[in-house]
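Asker:
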Amino acid sequence: VNDHPSLNIYFDKITANGSTRVLTNAEASSSGSFDVVFEEPLEAGIYRTRVGAKSAYLMLTPKDKQINLKGTISSFGDNTYEVSGSNASAELQESLNQIGNARKTGLNLDKFILTGGNPFINAFLAQKAYDGNVGKTQVFKTISQQLENAYPASEFTKDFKNQTAAMEKQ
Numbered sequence: 040v041n042d043h044p045s046l047n048i049y050f051d052k053i054t055a056n057g058s059t060r061v062l063t064n065a066e067a068s069s070s071g072s073f074d075v076v077f078e079e080p081l082e083a084g085i086y087r088t089r090v091g092a093k094s095a096y097l098m099l100t101p102k103d104k105q106i107n108l109k110g111t112i113s114s115f116g117d118n119t120y121e122v123s124g125s126n127a128s129a130e131l132q133e134s135l136n137q138i139g140n141a142r143k144t145g146l147n148l149d150k151f152i153l154t155g156g157n158p159f160i161n162a163f164l165a166q167k168a169y170d171g172n173v174g175k176t177q178v179f180k181t182i183s184q185q186l187e188n189a190y191p192a193s194e195f196t197k198d199f200k201n202q203t204a205a206m207e208k209q
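Residue numbering for the sequence shown follows our numbering, beginning at 40 and increasing consecutively.
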């Protein structure tokens with residue numbers, strides 16, 4: 040009998056306004072490993088694997104078939120987990136670390152966020168860094184255009200565009 044309470048792992052999709060939608064959950068084995076399986080490929084977007092209050096963020100595309108996430112609960116909290124099977128997820132993790140250290144390194148956040156190659160990552164970083172700051176409306180407008188060009192049919196693109204329009208009105 041295992042004395043430890045079971046760990047529930049949640050797998051969420053991040054929406055355009057930064058909120059989350061739980062897609063599924065799984066119970067970790069006594070060794071802490073878990074599997075989250077989807078029959079259909081996931082649409083391109085930002086996802087989160089969550090254990091308690093600690094999260095690991097992933098940028099997934101329909102091409103990503105098998106993603107491996109390795110780490111401890113604390114590594115989920117400080118972005119030091121290992122991710123393989125998804126180059127975009129590794130890029131997202133590196134970008135989150137860079138914006139986390141922006142004050143120390145003197146990183147130009149606007150430029151860094153706007154020149155990233157992936158509009159989903161750019162949108163997520165802008166949410167994390169600026170969280171609805173209307174002084175940054177131009178950054179959101181530029182990202183909205185990037186999303187429109189790359190993913191015109193995406194629900195995320197439409198929602199991000201609406202959010203940006205609401206910022207402009209403020």
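Every residue gets a Cβ at the ideal spot worked out from N, C-alpha and C, and that includes glycine. The model shown is predicted, which means the values in this text are computed figures rather than measured ones.
#1: Can the beta-carbon of F115 be found closer than 8 Å to that of V75?
#2: How should F199 be labelled, buried or exposed, when 16 other C-beta atoms within 10 angstroms of its C-beta is the threshold for buried?
#3: Thinking C-alpha only, which one of K102, P101 and G110 is nearest A95?
#4: Helix, strand or coil for Y190, going by three-state DSSP, please let me know.
#5: Specify the secondary structure class of Q45 as computed by DSSP and reduced to three states.
#6: What residue does the alpha helix (DSSP H) around N136 start on, and which one ends it?
#7: Three-state secondary structure (DSSP) at E121?
#8: Going by DSSP, which residues form a beta bridge with I85?
#9: Between which two residues does the beta strand (DSSP E) holding A65 run?
#10: Can you tell me whether L153 is helix, strand or coil according to DSSP?
Answerer: On the basis of the data shown:
#1: no
#2: buried
#3: G110
#4: coil
#5: Reading off the sequence, residue 45 comes out as Ser, not Gln. Note: S45 maps to coil in three-state DSSP.
#6: N126 to G139
#7: strand
#8: M98
#9: T59 to E66
#10: helix
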